[in-house]
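Residue numbers (the working numbering): 76 to 456.
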């Protein structure tokens, strides 16, 4: 038997990869499961985006290898998008790197900056991939706790009391997933000052900025942030293009150049047609966001009703495509969602997959039709 690499002993199969097998088996056996677990947009991209990829197939250049840095017009569209929506100026030549989905950027950045034994500050609760990628590259994850009392923001006093001498990188994710907490300018300013003081690279993972959020923000809007910060962004949630795999990492040109060294050794460029579609998406007017959010607003109101029917509490100030809800006292997240799945055929994500601070919470996705949400309410009422 050929032995696997030691690094694989440090991680497990992704939760949704395992749990969805169970859910899909139930569906295959005729169970009417309503999936409110995963945040995979079920709505369509703008029609002009689909038209662009179809039209691109006639271009002889479409089927060739593409630039590792993406089409110049794609990078320009990304720069324009950041300027118009975040008031952040970026050079399309040096400060933007298109990615085949922002998730790959987590690995690219980690490989570019982390050595074995380096420490990484990881939010708890937070996106599980931060922890798993940190382990895969041989670095050490150091969890920093977030809680409702502090609106799921970092406790900088607690961080300052830690030994930060080995910390090389810090993951932040605002608007926050899974809680939907929105950052203030003060939080971003404090993060930048913290990074400069301790010589830490801050990476803000920012794919939810435009979902049910009237004030999208970027950490790069803070003065001096480019010196110590990178930001990941994505078209997956903003334009319903999750399966297209289009993301970006933006920031200082020298930092970006290090990420490019990794990326250029791992793929051969993004498909031409997908880039052309992404350009059309990035050039959408604000009417697109208004239309998209009108759908999510109606769905969120129904999810609030569902959460109340389950005796959960939640914040109506949160943004994003999820509702983060606190269970009644003494209930365990995974036991609870398994009970709801078994009794009502509704799949909800347990808060514990995002870390120990998620115990006692569950997360509802808004990526389900109003009909399914109304049916879910009926089942539990």
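Note that beta-carbon positions come from the ideal geometry of N, C-alpha and C, so glycine has one too.
For clarity, every value in this text was computed on a predicted model and none was experimentally measured.
Span of the beta strand (DSSP E) around residue i
i	result
residue 399	397-401
residue 221	Taken as a continuous stretch (DSSP letters only), residue 221 belongs to no beta strand (DSSP E), as it is neither H nor E.
residue 111	109-111
Beta-bridge pairing of residue i - partner residues as DSSP gives them
i	result
residue 307	280 and 324
residue 165	According to DSSP, which records beta bridges pairwise, residue 165 is partnered with nothing at all.
residue 244	195 and 276
residue 171	325
residue 215	194
residue 423	111
residue 389	400
Start and end residues, alpha helix (DSSP H) containing residue i
i	result
residue 438	Element bounds for residue 438: not the alpha helix (DSSP H) but the beta strand (DSSP E), 436-440.
residue 210	203-211
residue 412	408-419
residue 368	361-384
residue 180	177-188
residue 454	445-455
residue 348	347-357
residue 101	90-103
residue 128	122-131
residue 290	Looking at the DSSP string, residue 290 is not in any alpha helix (DSSP H), and its letter there is neither H nor E.
residue 235	231-235
Residue burial classification, residue i (beta-carbon count within 10 angstroms, cutoff 16)
i	result
residue 183	buried
residue 433	buried
residue 79	exposed
residue 327	buried
residue 84	exposed
residue 315	buried
residue 332	exposed
residue 318	exposed
residue 224	exposed
residue 299	exposed
residue 350	buried
residue 293	buried
residue 129	exposed
residue 347	buried
residue 158	exposed
residue 103	exposed
residue 96	exposed
Presumed contact (8 angstroms Cβ cut-off) between residue i and residue j, rounded CB distance
i	j	result
residue 211	residue 337	Actually they do not touch by this definition, with Cβ atoms about 13 angstroms apart.
residue 396	residue 440	7 angstroms
residue 227	residue 204	So it is not a contact: roughly 18 angstroms between Cβ atoms.
residue 353	residue 321	5 angstroms
residue 341	residue 173	Contact doesn't hold; Cβ gap of about 14 angstroms is too wide.
residue 271	residue 302	7 angstroms
residue 229	residue 221	7 angstroms
residue 142	residue 344	6 angstroms
residue 216	residue 209	4 angstroms
residue 428	residue 90	4 angstroms
residue 424	residue 176	Residue 424 to residue 176, Cβ: 20 angstroms. No contact.
Residue-level contact to chain B via CB, residue i, 7 angstroms cutoff
i	result
residue 423	In the structure shown, chain B cannot be found, because there is only a single protein chain.
Check whether the segment 95-115 touches the segment 400-420, taking contact to mean three or more Cβ pairs, one atom from each stretch, closer than 8 angstroms. Cβ pair count under 8 angstroms is three or more, so yes.
Across the segment 430-447 and the segment 403-410, are there enough close Cβ pairs to call them in contact, namely three or more that are closer than 8 angstroms? Because the criterion of three Cβ pairs below 8 angstroms is met, the segment 430-447 and the segment 403-410 touch.
Is the segment 146-153 touching the segment 124-134 in the sense that three or more CB pairs, one from each, lie closer than 8 angstroms? With the cut-off at 8 angstroms, the segment 124-134 and the segment 146-153 do not touch.
Taking 8 angstroms as the threshold, find out whether the segment 445-453 comes into contact with the segment 219-239 through three or more Cβ pairs. With contact defined as three or more Cβ pairs closer than 8 angstroms, the segment 445-453 and the segment 219-239 are not in contact.
Would you call the segment 343-361 and the segment 371-386 touching, i.e. three or more CB-CB distances under 8 angstroms? Output reads no: the segment 371-386 does not touch the segment 343-361.
Do the segment 279-293 and the segment 309-324 meet, that is, are 3 or more Cβ pairs less than 8 angstroms apart? The segment 279-293, when compared against the segment 309-324, does touch it at the 8 angstroms Cβ threshold.
I'd like to know if the segment 397-406 and the segment 263-278 are in contact, where contact means that at least 3 CB-CB pairs between them fall below 8 angstroms. In short, these stretches do not touch, since the Cβ pair count stays below three.
If we count Cβ pairs, one from each stretch, closer than 8 angstroms, do we get three or more for the segment 242-254 versus the segment 194-212? The segment 242-254, when compared against the segment 194-212, does touch it at the 8 angstroms Cβ threshold.
Assess, as a yes-or-no matter, whether the segment 283-295 is touched by the segment 362-373 under the definition of 3 or more beta carbon pairs within less than 8 angstroms. Judged by pairs of C-beta atoms under 8 angstroms, the segment 362-373 touches the segment 283-295, as three or more such pairs exist.
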